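Reading through the structure tokens given below for one structure.
There are 4 protein chains.
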Amino acid sequence: MHVLALDIGGTKIAAAVLDDDNVILRKWRVPSSQDPADIDRIIARMYRRAAEEFADIEAIGLSVCGNVPLGRRSIEFAPNIAAWTNYPLSDNVEALIGGACPVVVENDANCAGWGEYVKGAGRGSRNMVLLTVGTGLGGAIIINGELYRGSFGMAGEIGHTPMVPDGDTCGCGLRGCTERYISGNALERFTRSAVRRWPDKSGLLMELCDGDLTKLTGERIAQALEQGDELAHYGFGKIGEWLGRAMAATTAVLDPDLYVIGGGVVAVGDALLEPARYNYRRFLEAGAYRGLARIVPAEAGQDAGLIGAADLARR
Amino acid sequence: MHVLALDIGGTKIAAAVLDDDNVILRKWRVPSSQDPADIDRIIARMYRRAAEEFADIEAIGLSVCGNVPLGRRSIEFAPNIAAWTNYPLSDNVEALIGGACPVVVENDANCAGWGEYVKGAGRGSRNMVLLTVGTGLGGAIIINGELYRGSFGMAGEIGHTPMVPDGDTCGCGLRGCTERYISGNALERFTRSAVRRWPDKSGLLMELCDGDLTKLTGERIAQALEQGDELAHYGFGKIGEWLGRAMAATTAVLDPDLYVIGGGVVAVGDALLEPARYNYRRFLEAGAYRGLARIVPAEAGQDAGLIGAADLARR
Amino acid sequence: MHVLALDIGGTKIAAAVLDDDNVILRKWRVPSSQDPADIDRIIARMYRRAAEEFADIEAIGLSVCGNVPLGRRSIEFAPNIAAWTNYPLSDNVEALIGGACPVVVENDANCAGWGEYVKGAGRGSRNMVLLTVGTGLGGAIIINGELYRGSFGMAGEIGHTPMVPDGDTCGCGLRGCTERYISGNALERFTRSAVRRWPDKSGLLMELCDGDLTKLTGERIAQALEQGDELAHYGFGKIGEWLGRAMAATTAVLDPDLYVIGGGVVAVGDALLEPARYNYRRFLEAGAYRGLARIVPAEAGQDAGLIGAADLARR
Amino acid sequence: MHVLALDIGGTKIAAAVLDDDNVILRKWRVPSSQDPADIDRIIARMYRRAAEEFADIEAIGLSVCGNVPLGRRSIEFAPNIAAWTNYPLSDNVEALIGGACPVVVENDANCAGWGEYVKGAGRGSRNMVLLTVGTGLGGAIIINGELYRGSFGMAGEIGHTPMVPDGDTCGCGLRGCTERYISGNALERFTRSAVRRWPDKSGLLMELCDGDLTKLTGERIAQALEQGDELAHYGFGKIGEWLGRAMAATTAVLDPDLYVIGGGVVAVGDALLEPARYNYRRFLEAGAYRGLARIVPAEAGQDAGLIGAADLARR
């Protein structure tokens, strides 16, 4: 039996057909839309395309950036697609495909976390937390080998754990949310501050962004890091420090055995993970006298979301 | 069948025999000891006393203030009984009673949380968090109707979640731990600050502590509150505010449907719970658009620990 | 004798001729420029226009938004006019007017502070601090009846005192600067957060900004406040609270007898000043046992800068 | 002409006779008292002893740990001598010595600051701040070459500037005061935390305090530092970091040209001053584009208070 999985973003939609072992057999990518009805139709169209080749598609799994209530059939709200508010996504798509198979909706961080758990760095763990450092900070929680959704489908929103009272203003309206200190956005802000403080050391970074600090993207900072740039090192070190603090805080509640760190920035390796591990220990209660979680980079990469969506749809 | 439950503190030990419905049939209290071997013998003696009356004691459940590894048979360390370090409590007691029945050790906050869940304010909840405001702040987590211990037995240490970077120094060596802002100790500190700031309003509090601020205990502040004292109201309001913040932070991770608030201070009711509920909402991401946890006072009271220890020992 | 004073902003330049008693005899307003050479010429032109009517102009005083070194003749940098970097403003203007009179440059917050001191709410004070709540937070310090500039011309930058470690990111590259919590900008952010949290109470504010929160300006929040709006009250209350905290912090260093609060927001009166006074007391060391500074609104209004620039040029 | 200066502590009183060049000609030390009348008599007795040898004593300068109102003749309150509340110290002593010469009272931090200014590391500075890192954190401010007392005699209380909202509880009743992060006390707390976190590196420190962390004094930490101990380095580094932050905050207000750092800890030199200088720059607005204050250790040492008291009494 096969599953069609779709990762629906604001600008593009990735699709894949996976077999029972969560192996990806075919993969497409098409442009997305801001119009929910359009998205419904794109999904249906991709289903028909997949069904032509794979006769036995048993379910469609949809990974969406948004809040998914427990029934896993609708979207309560989505930060990037305004009209996805209390939207009956499963009903609509099932109608378009004539009820050919069930359509299961799941939050994208949850899909990625589950993907890492079943086929990535999380295998063999019992209680695992995924943290994805992207534009923001996504989180997913596995407890006793199952995805944990909470009582209202909102568990694992670790990016919006308050870390600093009266701290940096978050897009969500709160202050001091974790994702203001651990994200690509935060990396840029920490590095820009470093440039302002130590302009004499900013030569390479300024060159890479053509003298315009607003163009100082995470990619360029990573590029500078590769060349041994001190300020780039500072920037990654700061988000690493906060990542360590956030894991220490999460451990006080969940005491997991594994943290899997995903997102593009994790490619820089130790420049991020060393300060993360050091500060995890530093800010952990009784850190010298307890079992410590392992902290490892994600492995399933960009496919994690598709794998997770497929596997969750099957259950 | 019956279970013997013991709640072992630094100064006294409470014991009870409970039936299959977790009804307490008999209850004793004896002095405790700082000597672990003494404690072993006290437990054995109480078992024999209970066994005289109740022939069918199937298990002994021990509630202890300390870190209990997953096997539930030993104590890794205990803040109040120094010699309880890597101590094989179950082995020792089982030897003393000739292996008459199994001895199960559990952390006291976990026992209280489970007691509330099976026989108190937590009944019917799915994902519940207990917060006990005492000298410190204890926590216990119920997930999908089961006690959640984490991967190393340390889950639910919500009293040591870092709330304020560089905040108040905690006995654990960290700074800004939740329990520095939500505890009887914190209540006293907030209220003392209020007295220093507004001495003209401190008449009643100063009278209740005979003019000596070091004697300003939580009991006296609660007494002043009953008489409408403004500064007492401020003190309870502050720990209530932080309780709300801590629940908002915990919700970002766990998204439970219920918080049960235990400990002596909860007797003051709304002076604590109103600011707690207000600030829970205030510091919750998307608080206006999500399911909200109920926040209720504990019901099982001082028996919660005994009930929980008994029920957990039975499983 | 007369003085010509100019207040040079990024979009407009205000000019005035004042007599020896700092009475404004004539006032103009002309568009500004981003080109420093243009600004030089505008100043010279205005001097000639003033000199036609007033024969005895003894000095020109320039109030500028920027860092002015101790000599009071140049601009080190200016946040709004990029080319004003190490710019010899006095030299240039004196050359254009043939050395007819001396040209004195001063920071705009300092001018406003001095204006309030000689002709506004600061009269009779000995040690005074002006705080101007505008887009950012400006500050000026009077010590023993004289403007205090510090050793490098940068004293009184109270808007960039760090208030919150790891706090809100400031345009200056630091985190937690006072002006991130006390400014028109901060008022908008606090109020927007309130709208997100309590959408059921946001009717009036949403109406005033046509349902678009990005249009929620300080003016509209002040308008809502007049109609008794609860969320507008919350917003002003929050910047008032932080204003109180900032004054307490400043008092620990300077122990002044007077704070004068300027800027448009002060027009709302007690909605701002009451929480400011309350929190000033609350966060002041030994607040119950020391002399307290008075906290009053500015009086000289928009003319304060011109009056201050004129009077300082005369000295 | 000569001046008698006394430095009055809670346990001992140091006395000295100084000439017009502030050279110390004679120095004694006697036990102190908790009884203000006793202290009055001790001062009078020391005056008579000094007057026997030096005929022309023109004034007595008293350095006291307490709040001294502007008249410089009384003590409003003193943290270490409870009965020194609104105490007319000058009146009392002048009566006992028959009005032989004027008696001038001054705060001890102000005396030390002035001593450094006229005869220590502060010579030649224009605007200077003294920070004395002792049990707490003392401060004194020199502006335009004169001691600055503020409008109520409380200026320079930099130890009670709030640095961390909701931070560490201070003896003064506030939270997050600077002296909770920069003091001998803070050094001990930071180092103890390090020992708890990294017990494997704590060998030397544990040895120096006989395995009892409560005996981990600043002296012992300094001793460990000399032997290259990593955790001692961490401890001094942390108070150095906060010292840098505090100077950055003070600079935003005062923009001085010099910070003089006093107190026993400064003897360790760069282990303290390097992180202080680094973080001063790091947390300073526009730090790369402004005049920077020099940061130097105190020079006049324990005599600074006597020198300052004498010189201030002469004025």
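Residue numbers (numbering that gives the first Met the number 0), protein chains in the order written: chain A, 0 to 314; chain B, 0 to 314; chain C, 0 to 314; chain D, 0 to 314. Note that beta-carbon positions come from the ideal geometry of N, C-alpha and C, so glycine has one too. Here the structure is a predicted model, which is why all the values come from computation and not from measurement.
Using DSSP with H/G/I as helix, E/B as strand and the rest coil, what is residue i?
| i | result |
| --- | --- |
| residue 260/D | strand |
| residue 89/C | helix |
| residue 315/B | Because residue 315/B is not part of the residues shown, which for chain B are 0 to 314, the question remains open. |
| residue 344/B | Within the shown structure, residues of chain B are numbered from 0 to 314, placing residue 344/B beyond reach of any answer. |
| residue 130/A | strand |
| residue 77/B | coil |
| residue 110/B | helix |
| residue 138/C | strand |
| residue 35/A | helix |
| residue 184/D | helix |
| residue 283/C | coil |
| residue 164/C | coil |
| residue 194/B | helix |
| residue 313/B | helix |
| residue 278/B | helix |
| residue 67/B | coil |
| residue 248/B | helix |
| residue 156/D | coil |
| residue 306/D | helix |
Counting contacts by CB-CB distance shorter than 8 Å, is residue i in contact with chain D?
| i | result |
| --- | --- |
| residue 243/B | no |
| residue 92/C | no |
| residue 284/C | yes |
| residue 347/C | Limits of chain C in this structure are 0 at one end and 314 at the other, which puts residue 347/C out of reach. |
| residue 80/C | no |
| residue 141/C | no |
Residue i CB to nearest chain C CB: under 8 Å?
| i | result |
| --- | --- |
| residue 315/A | This structure gives no information on residue 315/A, because the portion of chain A shown stretches from 0 to 314. |
| residue 280/B | yes |
| residue 229/D | no |
From the beta carbon of residue i, is the nearest beta carbon of chain B less than 8 Å away?
| i | result |
| --- | --- |
| residue 62/D | no |
| residue 151/A | yes |
| residue 249/A | yes |
| residue 238/A | no |
Contact check, residue i vs residue j under 8 Å by CB: the rounded distance?
| i | j | result |
| --- | --- | --- |
| residue 200/D | residue 240/D | Not quite, the Cβ-Cβ distance comes to about 19 Å (not below 8 Å), so this is no contact. |
| residue 224/A | residue 231/A | 4 Å |
| residue 154/D | residue 141/D | Contact doesn't hold; Cβ gap of about 11 Å is too wide. |
Report the partner residues of residue i according to the DSSP bridge assignment.
| i | result |
| --- | --- |
| residue 293/C | 257/C |
| residue 17/D | 2/D and 23/D |
| residue 62/A | 6/A and 105/A |
Any beta carbon from chain A within less than 8 Å of residue i's own beta carbon?
| i | result |
| --- | --- |
| residue 71/B | no |
| residue 115/B | no |
| residue 147/B | yes |
| residue 75/B | yes |
- Query: When Cβ atoms are compared, which residues of the segment 286 to 301 of chain C fall closer than 7 Å to chain B?
  - Reply: Using a CB distance below 7 Å, the part of the segment 286 to 301 of chain C facing chain B consists of 286 and 287, ordered along the chain.
- Query: Which residues, taken in chain order from the segment 153 to 182 of chain B, show a beta carbon closer than 9 Å to some beta carbon of chain D?
  - Reply: 162, 163, 164, 165, 166, 167, 168, 171, 172, 173, 174, 175, 179 and 180
- Short-range partners of chain A found in the segment 181 to 197 of chain D, where Cβ spacing is below 8 Å: 195, 196 and 197
- Query: Which of the residues in the segment 195 to 220 of chain B, read from start to end, lie with their CB under 8 Å from any CB of chain A?
  - Reply: Under the 8 Å Cβ criterion, the segment 195 to 220 of chain B contributes no residue.
- Members of the segment 252 to 270 of chain B near chain A, C-beta cut-off 7 Å: 252, 253, 254, 255 and 256
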